[in-house]
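From first to last, the protein sequence lines are chains V and L.
For what it's worth, the working numbering labels the leading residue of the first sequence as 910, then goes sequentially.
For what it's worth, the working numbering labels the leading residue of the second sequence as 16, then goes sequentially.
No residue lacks a Cβ here, since even glycine has one placed at the ideal position from N, Cα and C.
For reference, the structure discussed in these notes is given below.
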Amino acid sequence: MSPFLQSIFSTEFGFAIFRVTTPLLFAAIGVSISNLAGTINISMEGTMLVSAFMGVLVSAFTGSLILALLAGVAAGVALAAILSYFHLRLKADIILAAIALNIFASGITVFLLYLATGDKGSSSSLKSMLFPEVHIPLIKSIPVLGTIISGHNVMTYGAILAIVVFYIITFKTPLGLRIRAVGQNPNAAESVGINVNRTRMWALMLSGFFGAFGGLYLSMGYVSWFARDMTAGRGWIAIAAATLGGCMPLGTFLASLLFGAVNALAIYFASLQFPSELIALIPYLATVIALTIYSAQALRKRTRKVAEAKRVGKITEVKETKESS
Amino acid sequence: MEKFLLKYFTLIRVVIAIAIGIVVSIFLIYLISQEPAFSLKSFLLGPLLTRSRLAHLFETASPIIFCGLAISVAFQARQFNVGAEGSLYLGAAVGTAFAVSTNMPAFIHIPLVLLIAGLAGALWAFIPGILKARWQASELVSSLMLNYVAYFLGLYLINYHFRDKEAGFLVSYQLPQSAWLPQFIPDTRIHYGIILALVFALLVYYFLYHTTTGYEIRITGFNERFARFGGINVFRVIVLCQVIMGFLAAFGGMTEVMGIHRRFLWQNSPGYGWDGVIVAIIARNHPLLIVPASFFLSYMRVGGRVLNLMSDVPAEMVQVIQSIIILLITAEAFLSQLKYRITVRQAEKGGAV
C-alpha cells in the first residue's frame, strides 16, 4: 500500500477528523439554530475569534479554566447580542451588520492582543491554558475504535453533546417550537401570540453561545495560543455545513464531519510532494461544490413539489418558496 | 431647517455615524495612549502633514474606489457577492503572469494587461454568479469560499511559475517597462490608476442610472419578483452584475500592481475587496458617492498607519471604528424616531408634506 493510503486508513487519520471537525461542529450548530429562526447568523467568524481571544486572555491572567470558559462564552454571546440589537431593534440588514461585526472582531482582537502582549501576530508570549484531554476508561482499550474515539480534548466530546442539546432545544422545548414556527412563517407565528423578535433574539444568542465553544476550542485545545484571524474561514465553512445539513441536528453533524474529513485530508496531503497552496484550497473548493449540489437538489425538490401541486390541481397559483438565504 | 433635515436625512445620518465613529476613536486614544494629544493629532491630521502621506491618500484610495464600484454593482442587484477580494487577487496574478511573459509596445501592452486581468477576475466572479442563478446556491458563502481558493491559486501561480528567484523574497518577476502605468506627480507614487478609478466611477454611474441593463439591475435588487413579473431576465442580471463586479475589482488590482509595485508582491491578500464592501455600505451603493467614501476610508487607513508608526496605539483601532460606522449606517431605525418627530411637526405646521 502506498504511504499515502496507509496514512488515510490509519487510526491517526480517524482521530484527526474529530479534532478538525470540533470547531466546525460548534459553529455549524450555532448557524443552524439561528437559521431555523429565519435570522441567519453569519458573524460566526467574529464570534469564534472574540471567544478564542477572551479564553486565552482570561486563562493567562487568572489561571482559571472556568473563568476562561465563562469569559469566552460571554464574549461570543455579547457579539450575538449586538447583532440581534442592531438587526431586530435598529432594523439593520443582518448580512451587512454581521459583516461589520466580523471586521470588528478581527480588529478588536488584534488591538487588545497588542495592548496585552505588545505583539500583533500571536499570543505565544502569554502562558494560556488548555482544556484537558479525556481518556475514556473502557473504550480506550478497544483496538481500533478506542484510539480514534478516546483521548480527545474535552471540547470534542462537548461538541457531540452540543448536538444532543441542539436536538433537545429544537424539538423538545417550547422555545425550540417557537424558533421553528418563527422561521417558517413569522406572520403566522405572530398571529398566535409568539413574540417574533424575542424568539429571534434567543435564537441569535444561542448561536453565539454555541459558536463561542468553537472559538474556545481553537485557541485552547486545537492549538495553545491565539493568532490573528486564526478562524481562517471556519465560520464560513460552518455556514455551508449548516446549509448542507438542512439545519437539523443529525444533518449538521454529518455535514460538519464531511468538511472535517476534507480538512483532515488536506492536512495529510501536505506530507506528499505537492504544492502546499493547491492542498490548502481543497476544503474551500469542496465547500463550494457541496453547497452547489445541495442547493441544486433543494431546488429540484421545490420545483417538483410545485409541479405536483399544479398537476393535482389543488392550487392554481403557487407562492414562491422562501429564498434560500 | 427642518425641511433641510428631512431632505438630506440619509446623508445626515451617515455624517452622524461617522462623527460617532470619530468620537469613539478619540475616546479610545485617550484611554490607552501615553501621550493622547500627540496620538490624536497623528491620527486626525497625520495624513495631511507630509507630502508622501498626502500621496498615500490617493494611492490607497484608487484600488478601494475600484472595489467599492465593483461591490456596489453587485449589491445594487442585492447580490451579496463579496468576491471582489478573490477576483482582485487572482486577476492581478493572471495579469502579472501575462505581462511578464509578453513584450509589446506600451500603448497596446498596458490596456491588454488590464483587460486580461479584468477578464480573469470576471471569469472568477462568474462562478458564484452562475451557481446562484442556476441553482440558487448562496453567492455570499460561495464567493467567500472562492476568495480563499483564488488566493491560493494566485499564490501558486506566482510562487511556482513566475517567481523571481533573485529577488530574495517571494515576489514575481518585475513587469516589463512597457506594462508600467506611469506615475505622473514627481516624488510620489500617484499613478494613472486614480484617474482610471474616477473615470470608472462615472462610467458605472452612467451604466447603473442611465442604461436599460443598469435599470434592470436596480429593479432586481429592489424587488426580484417584481422584476421577473415585469419581464426582466433576472437570470442574466444576477450573472451579469457579478461578472462586472469581478472585472472592476481585478482591473483595479492590476492598476495597483502596474502603477506602484511593478511586480506581484502580495503574499497576503491585500484586503481591498473588503474595503470595497465597507465603502459600498457607506456610499449606499451609489457609484458617485463611492469616491468620497473611498477617500474617507483611505484617510482613516493612512491615519491609522501614521498612528501605528508615531504612537503607541495600534492601527487595528481603525478597523474597530469602521465597523461601528458601518453598523450605524446599516441600522435603518437609527435616528428614525427623530425623523418621525420632525415629519409630524412639519405636517402639523404646514398641512401637506
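Taking the Cα positions, His276(L) is about 12 Å away from Ala107(L). Sequence-distant Cβ neighbours of Val1053(V) in its own chain, meaning closer than 7 Å and more than five residues away, are Thr920. Taking C-beta atoms as the reference points, Ala980(V) and Gly1123(V) fail to come closer than 8 Å. Asn96(L) is positioned such that its CB atom lies no closer than 8 Å to that of Met269(L). Exclusion of the five residues before and after Phe1178(V) leaves Ile1188 as the residues of its chain whose Cβ lies within less than 6 Å of its Cβ.
A distance of 8 Å or more separates the beta carbons of Ile344(L) and Val30(L). With respect to the 8 Å criterion, Thr1065(V) and Phe927(V) are classified as neighbours on the basis of their beta carbons. Taking 8 Å as the CB threshold, Trp1145(V) lines the interface with chain L. Counting only the Cα atoms, Ser952(V) lies some 5 Å from Ala1007(V). The residues Gly1154, in chain order, have a CB closer than 6 Å to that of Gly1160(V) in the same chain once the five nearest residues on each side in sequence are set aside. Residue contact check for Pro1184(V) against chain L: a CB pair falls below 8 Å. Taken in chain order, the whole beta strand (DSSP E) runs of length 3 or more contained in the segment 141-198 of chain L number zero. CA-to-CA, the gap between Glu347(L) and Arg998(V) works out to about 9 Å. Annotation: the segment 62-94 of chain L contains the following complete segments of the alpha helix (DSSP H) (minimum length 4 residues), in chain order: 66-91.
For Ile296(L), the closest C-alpha among the options Ile79(L), Ile37(L), Tyr230(L) and Val39(L) is that of Ile79(L). Using beta-carbon distances, Asp1002(V) counts as an interface residue toward chain L, with a partner under 8 Å.
Using a Cβ-Cβ cut-off of 9 Å, Ile942(V) is close to nothing in chain L; its nearest Cβ partner there is about 17 Å away. In the three-state reduction of the DSSP assignment, Glu50(L) falls in the coil class. Closer than 7 Å at the C-beta level to chain L, one finds these residues of the segment 1008-1025 of chain V: Ile1008, Ala1009, Leu1010, Ile1012, Phe1013, Ser1015, Gly1016, Ile1017, Val1019, Phe1020, Tyr1023 and Leu1024. Residue environment analysis places Gly1092(V) among the buried positions, since at least 16 neighbouring C-beta atoms fall within 10 angstroms of its C-beta. Taken residue by residue, none of the segment 102-117 of chain L has a beta-carbon sitting less than 8 Å from a beta-carbon on chain V.
By the CB criterion at 8 Å, Leu992(V) and Leu1010(V) fall inside the cutoff. C-alpha of Leu155(L) to C-alpha of Ile1051(V): approximately 44 Å in a straight line. In chain order, Ala76, Ile79, Ile80, Gly83 and Val294 place their CB closer than 6 Å to the CB of Ser309(L), counting only its own chain and leaving out the 5 sequence neighbours on each side.
When secondary structure is reduced to three states using DSSP, Glu1042(V) falls in the strand class. When secondary structure is reduced to three states using DSSP, His206(L) falls in the strand class. Residues of the segment 174-194 of chain L whose Cβ lies closer than 9 Å to any Cβ of chain V, in chain order: Asn174 and Tyr175. In the pairwise beta carbon analysis, the segment 107-126 of chain L is classified as not touching the segment 323-340 of chain L: fewer than three pairs are separated by under 8 Å. In the DSSP assignment, Asn1172(V) falls within the alpha helix (DSSP H) that extends over Pro1158 to Phe1178. With fewer than 16 other CB atoms across the displayed protein chains lying within 10 angstroms of its CB, Val1101(V) is exposed. When secondary structure is reduced to three states using DSSP, Asn118(L) falls in the coil class, being assigned neither helix nor strand. Spatial neighbours of Phe279(L) in its own chain (CB-CB distance under 7 Å, excluding positions within 5 residues in sequence) are listed in chain order as Ala107, Ala108, Thr111, Ile173, Val186, Ser187 and Val272. Here Gly183(L) has no same chain residue with a Cβ atom under 7 Å from its own Cβ, once five neighbours each way along the sequence are excluded. The C-beta of Leu155(L) comes closer than 8 Å to at least one C-beta of chain V. Straight through space, the alpha carbons of Gly169(L) and Tyr230(L) are spaced by roughly 35 Å. In the three-state reduction of the DSSP assignment, Ala1205(V) falls in the helix class.
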